[in-house]
Ligand code: NI
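Numbering (our numbering), first residue to last: 1 to 212.
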């Protein structure tokens, strides 16, 4: 039994990394605009540390569908974010989209198994909001430079990159989501932005009927 235990544990770990029934259900919804989790009602999801997407799922249809719908959601006029992390659509996996302010045309880019390897440079206190924390804003201290790593979906290998400026702040915000941290945990000041609240009145935060 002693010899079998590690094998059983490895097998269990491998099983737990496949798409769960819940993840398949969320990803398989017909609507491309995903339900965005918010603090309070969905804190259990937002406060859970996300797990990696294992190699065998990198080419899966579920990952393709999920990332496609996350992009549709973050770009949707009702959300209009500069980044979105998978826990914000109900999936505790290390996946995030980041708007690349450091590239021409500010394209959105998807990062699977995203993590921050190091942080350095000047610390600034800038205003941040979050689709999952309406209708608040906060002044948050962040580093000016980050080194991120992620899984390259074409090669399946780990890639890394150094980023600076506002894009580096978005990476810190999104990586925090994957580590179950929200900007309000780090903020010096949190306040309600009237303009921002008005802007978001058009979007209903009520849970849709299918959400359990
Ligand atoms: Ni956020």
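Built from N, CA and C at the ideal position, the CB exists for glycine as well.
Please indicate yes or no: does the CB of residue i lie closer than 6 Å to some heavy atom of ligand 1?
i, result
"residue 110", "no"
"residue 175", "no"
Cutting at 8 Å between CB atoms, please list the residues of its own chain near residue i, excluding the five before and the five after it.
i, result
"residue 182", "39, 46, 130, 132, 133, 176"
"residue 73", "32, 33, 34, 36, 79, 84, 89"
"residue 188", "125, 138, 139, 140, 141"
"residue 299", "The requested residue 299 does not occur in the structure, where the chain is confined to residues 1 to 212."
In or out: residue i buried (at least 16 other Cβ within 10 Å) or exposed?
i, result
"residue 191", "exposed"
"residue 55", "exposed"
"residue 209", "Since pLDDT at residue 209 reaches only 43, below the 50 mark, its modelled position is unreliable, and the value read off the structure follows with that caveat. By the 10 Å Cβ count, residue 209 comes out exposed."
"residue 172", "buried"
"residue 118", "exposed"
"residue 211", "For residue 211, the predicted structure reports a pLDDT of 40, less than 50, and the residue's modelled location is therefore unreliable. The matter cannot be settled from this model."
"residue 99", "buried"
"residue 168", "buried"
"residue 21", "exposed"
Starting from the C-beta of residue i, find all residues in its chain whose C-beta is less than 7 Å away, skip the five residues before and the five after it, and write them out in chain order.
i, result
"residue 179", "49"
"residue 120", "143, 145"
Below 8 Å on the Cβ atoms is my contact criterion, and I expect residue i with residue j to pass it. Report the Cβ-Cβ distance as a whole number of Å.
i, j, result
"residue 161", "residue 148", "6 Å"
Notebook entry, point to check: Counting Cβ pairs, one atom from each stretch, are 3 or more of them under 8 Å apart for the stretch 106-121 and the stretch 90-97?
Noted result: yes
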